[in-house]
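Below is one structure, written out as structure tokens; the observations come after it.
In our numbering, the protein residues as written are 116 to 416.
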């Protein structure tokens, strides 16, 4: 079974057409701007939304570990949760949620099959993302194989921080890759994501040599990677590939992950990195640089 933390139906930004996007748990990166922090851990994560809480203490009373208590600031976790999920099931207002549930193949296929007509009509399909889906490579391949047998277009949204063998295995049963390109300088890449970029760049080049369709997604963040030097280096790298990406999406920074960290009881951007929305001038410069290198680029996507 796969550990899934979300399933998004009627998705329009996760590949071509209208798609069902399945979010798989676990990620080796720790991007300071991460907008899905609940997907980082390979285990289930409990999330609490204070404004939904009515203070009924149903969760406190049902917890077999006596791990929860009601305070003036809402429900407090005392640190010995076993993630049994009883508090989540008991909460009448959905103030408590569990990000991470094991799904059987048949259960996932039931969800996907419901959208077959709209996916077929729109030229869509199914996207597997995370987290980092390649952290569950065995199940990912089982899932891709089953989707292929059913005739669905398959897309994998990935950082490509994985072994070449993993990527090659997944590529055999994937129509399209969506690949994040976060920084060309490996030291800065490690500063902002906690991993170096050499395996990622090597895997991008490998996909290109295989002539495997892929899109590149660049999170455009002032203070991280939106400087002229990095944008030029990114464009030059992509232009140098044997087969260029079908599209380069420049994704403008947002801090939606901040509220999720608050619900998880963790800290957004704990290292205090400077991150800002890039100016319109900066965005247009990045777009022009990509286009000057012959790349099919656009802002958003």
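Glycine residues also receive a C-beta, built at the ideal position from the N, C-alpha and C atoms.
Nothing here was measured: the structure is a model prediction, and the numbers come from that model.
* Check the Cβ-Cβ distances between residue 119 and every residue of chain D, and say whether any is below 8 Å. => In the structure shown, chain D does not exist; there is a single protein chain.
* CB contact flag (residue 390, residue 152, <8 Å) -> Taking the chain shown and counting its residues from 1, one reaches residue 390 at position 275. Taking the chain shown and counting its residues from 1, one reaches residue 152 at position 37. Taking 8 Å as the Cβ cut-off, residue 390 and residue 152 do not qualify as a contacting pair.
* To do: Return the first residue and the last residue of the beta strand (DSSP E) that residue 162 is part of.
  => What you label residue 162 is simply residue 47 of the chain shown in a count that begins at 1. Where residue 162 is concerned, the enclosing beta strand (DSSP E) stretches over 160-163.
* To do: Spatial neighbours of residue 212 within its chain, please: CB distance less than 7 Å, with the 5 preceding and 5 following residues excluded, ordered by chain position.
  => Start at 1 with the first residue of the chain shown, and residue 212 comes out as number 97. Contacts found: 162 and 203.
* To do: Return helix, strand or coil for residue 359, following the three-state DSSP convention.
  => Taking the chain shown and counting its residues from 1, the one referred to as residue 359 is at position 244. Coil, per DSSP.
* Confirm, please, whether the CB-CB distance from residue 150 to residue 369 is below 8 Å. => Locating residue 369 in the chain shown gives position 254, counting from the first residue. Locating residue 150 in the chain shown gives position 35, counting from the first residue. Cβ atoms of residue 369 and residue 150: closer than 8 Å.
* Among 412, 243 and 236, which has the Cα closest to the Cα of residue 269? -> Counting from 1 along the chain shown, the entry for residue 269 is found at position 154. Of the listed residues, the one whose Cα sits closest to residue 269 is 243.
* Does the Cβ of residue 195 have 16 or more other Cβ atoms within 10 Å, making it buried, or fewer, making it exposed? -> As a position in the chain shown, residue 195 is number 80, starting the count at 1. By the 10 Å Cβ count, residue 195 comes out exposed.
* Asked: With DSSP run on the structure shown, which of helix, strand or coil describes residue 370?
  -> On the chain shown, position 255 is the one that residue 370 refers to. Of the three classes helix, strand and coil, the one that applies to residue 370 here is coil, per DSSP.
* Give me the Cα-Cα distance between residue 262 and residue 327, rounded to the nearest whole angstrom. => Residue mapping note: residue 262 aligns to position 147 of the chain shown, counting from 1. Residue mapping note: residue 327 aligns to position 212 of the chain shown, counting from 1. Spanning the two alpha carbons is a distance of roughly 18 Å.
* Uninterrupted alpha helix (DSSP H) stretches inside the region 280-331 (no shorter than 4 residues) -> Within the region 280-331, the complete alpha helix (DSSP H) runs of at least 4 residues are 301-308 and 313-324.
* Asked: Which whole-angstrom value is the C-beta distance of residue 337 and residue 385, which I expect to be below 8 Å?
  -> In the chain shown, counting from the first residue as 1, residue 337 sits at position 222. In the chain shown, counting from the first residue as 1, residue 385 sits at position 270. That pair is no contact at about 19 Å.
* Classify residue 172 as helix, strand or coil using the three-state DSSP reduction. => Sequence index remark: in the chain shown, residue 172 carries index 57 (1-based). Three-state result, residue 172: coil.
* Asked: Are residue 335 and residue 366 closer than 8 Å when you measure CB to CB?
  -> Position 220 of the chain shown, counted from the first residue, corresponds to residue 335. Position 251 of the chain shown, counted from the first residue, corresponds to residue 366. Cβ atoms of residue 335 and residue 366: closer than 8 Å.
* To do: Check residue 152 in the structure and name its three-state DSSP category.
  => For the purposes of this step, residue 152 is identified with residue 37 of the chain shown, where counting begins at 1. Helix, per DSSP.
* Asked: Can you name the start and end residues of the beta strand (DSSP E) that residue 269 belongs to?
  -> Along the chain shown, read from residue 1 onward, the residue named residue 269 stands at position 154. Its beta strand (DSSP E) spans residues 269-273.
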